[in-house]
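See below for the structure under consideration.
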């Protein structure tokens, strides 16, 4: 919801309609298309998790895993969910996202109730060390070239992490900065799932901006609902082995609290395969 | 297989029998029981992945995610698998592990063919910095107290990482050392999946040995088949938030090559819940 109580564009573009106990309909909006029109993987995850929230007993996603098997495209999608099991404090289920009768992506998630999470906290990490937002570098939105959703999201990068965009990557697989919606919509658990996959890949600062690096599997752990204001992110890649690499992420809120950690495995396409 | 070509105890105790196209039977051996007899989560993953290897077209697990919903116990298990999708270089499927008619755990995996992985490698990490094995500390096996599988595995820990076992944790969530089978069986992809969950939790070096810390979700990325010899592991926990924490792992082989990276989310049980 936006500040005035009307659904925000993000709520509207990730909305699901429950048409049976475990069947939902939704629509992939072209806003979220990246390479070749395939919707962003975090956007697909947010939609799948809305369907799971309408299926499982606990209210908040704790860990969500997406498997990205086939390209999706803008347009209608059918979501079939299934309850897999529950305990006193968690419930687990899966969601299949189907277009034109073919399952494209697959999500498995465990939900909990963060309002009942009263366990111990010991955090041996800090938010990314960043200059103030006005000294960070905005990612330029280029009409007709950038994914449209980048026009809706304010991303500001650590000044030394933008070398990839000038073909001078600094050689370290890191990408840190600030992120929020441009229209003032405050972050929630669903937008955090999307933000966790919305930033240019950290590996671009190692190998350059090679183009699309498809996600094979992405897991995001959510830790709490974010406070209003800027989120700060840090994504790192250290381990590129024979074309496969991980990307680790952390997202922190304006009160210096961790709201999510993520890890995905992606494939660096060879020049031959891209040709 | 052991060096003389006969099946090793690990091969035998993770074996699955295919009884239909997507139905397998197996047996959880009591050797692998931890707290309350629940089999080790990495052991369950190795069995699930054997069933998936008998289901999917590609030969090698690349990323495997387990959701641990209910306790399993020693005894027979039925495994139902399903093919979810495939591309030229990967195939994805799921496996349900069922005991007494109830699904206890759920696995989702993407397989590939490592023999065809010819992409670029850039590794900005090194194996854990360890003294030689003979200067590391063996984890003492205590009859009737330690899980039986610890009698079969040679684990040697960095000398400064064993404080938890003497009730003097050093305060940093790390656990690094060497690991191999005691009987000379060389590691393979399946044993690496098990090793990735076989070491005492790194969080014990922060909060002490609190007892069982159940895994909610565990994802392991495999990178290559390991070379013979010692494996080296490094597990770290930095982010304990209201009872939930991640554990990140890396496993390196005797040729200094990364063979796996893992991340799980676990729950630190409150003293009340353990009583």
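Protein chains in written order, with this note's numbering: chain L, 3 to 277; chain U, 3 to 277. Don't be surprised by glycine CBs; every beta carbon is placed ideally from N, CA and C.
For residue 164 of chain L and residue 205 of chain L, the gap between their C-alpha atoms comes out near 12 Å.
With contacts defined by Cβ atoms closer than 8 Å, residue 16 of chain L and residue 52 of chain L form a contacting pair. With contacts defined as CB atoms closer than 8 Å, residue 41 of chain U and residue 113 of chain U fail to qualify as a contacting pair. Closest option to residue 129 of chain U, judged by alpha-carbon separation, among U:265, U:257, U:223: U:257. The beta-carbon separation of residue 94 of chain L and residue 111 of chain L, rounded to 7 Å, stays under the 8 Å limit for a contact. Of the residues U:87, U:236, U:262, the one whose Cα lies closest to the Cα of residue 246 of chain L is U:262. Secondary structure at residue 49 of chain U: helix, using DSSP grouped into helix, strand and coil.
Across the segment 231 to 245 of chain L, CB contacts with chain U closer than 7 Å involve 240, 241, 242, 243, 244, 245, in sequence order along the chain. Contact fails between the segment 69 to 85 of chain U and the segment 228 to 241 of chain L, because fewer than three Cβ pairs, one in each stretch, are under 8 Å apart. In the structure shown, residue 254 of chain L adopts extended strand secondary structure according to DSSP, grouped into three states. With the criterion set as a beta carbon lying under 8 Å from some beta carbon of chain L, the members of the segment 171 to 199 of chain U are 174, 175, in sequence order.
According to the DSSP secondary-structure assignment, residue 241 of chain U is paired through a beta bridge with L:125. Between the segment 87 to 107 of chain U and the segment 188 to 204 of chain L, the count of Cβ pairs shorter than 8 Å is below three; the stretches do not touch. With 16 or more other Cβ atoms inside 10 Å of its own Cβ, residue 31 of chain L counts as buried.
Chain U places no beta carbon closer than 8 Å to that of residue 27 of chain L, leaving this residue out of the contacts.
A Cβ-Cβ separation of about 13 Å leaves residue 77 of chain L out of contact with residue 46 of chain L under the 8 Å criterion. Contacts with chain L (Cβ-Cβ distance below 8 Å) from the segment 116 to 130 of chain U involve 116, 119, 120, 121, 122, 123, 124, 125, 126, 127, listed in chain order. Distances from the CA of residue 265 of chain L to each of L:226, L:115, L:271, L:249 were compared; the closest alpha carbon is that of L:249. When the beta-carbon positions are compared, residue 34 of chain L and residue 151 of chain L come within less than 8 Å of each other.
In this structure, the straight-line span from the alpha carbon of residue 55 of chain L to that of residue 217 of chain L is close to 24 Å. Beta-carbon to beta-carbon, residue 202 of chain U and residue 166 of chain U are separated by about 7 Å, close enough to satisfy the 8 Å threshold. DSSP places residue 143 of chain L outside both helix and strand once states are collapsed to three, so it counts as coil. In this structure residue 221 of chain L does not touch residue 270 of chain L by the C-beta definition: roughly 19 Å separates them, more than the 8 Å allowed. Under the criterion of beta carbons closer than 8 Å, residue 200 of chain U and residue 155 of chain U qualify as touching, at roughly 6 Å. Not a single C-beta of chain L is nearer than 8 Å to the C-beta of residue 81 of chain U.
Residue pairing by DSSP leaves residue 150 of chain U without any beta bridge partner.
In this structure, DSSP gives residue 172 of chain U a state outside helix and strand, which the three-state scheme calls coil. The shortest CA-to-CA distance from residue 184 of chain U to any of U:160, U:140, U:174 is the one to U:140.
Taking 8 Å as the upper bound on Cβ-Cβ separation, chain L lies near residues 64, 65, 67 of the segment 54 to 67 of chain U. Going by beta carbons, residue 226 of chain U and residue 170 of chain L fall outside the 8 Å limit.
With contacts defined by Cβ atoms closer than 8 Å, residue 254 of chain U and residue 182 of chain U do not form a contacting pair.
Shown here for residue 133 of chain U: same chain residues with a beta carbon closer than 8 Å to its own, the five before and five after excluded, namely 160, 161 in chain order. DSSP places residue 249 of chain U in the strand class (E or B) of the three-state scheme.
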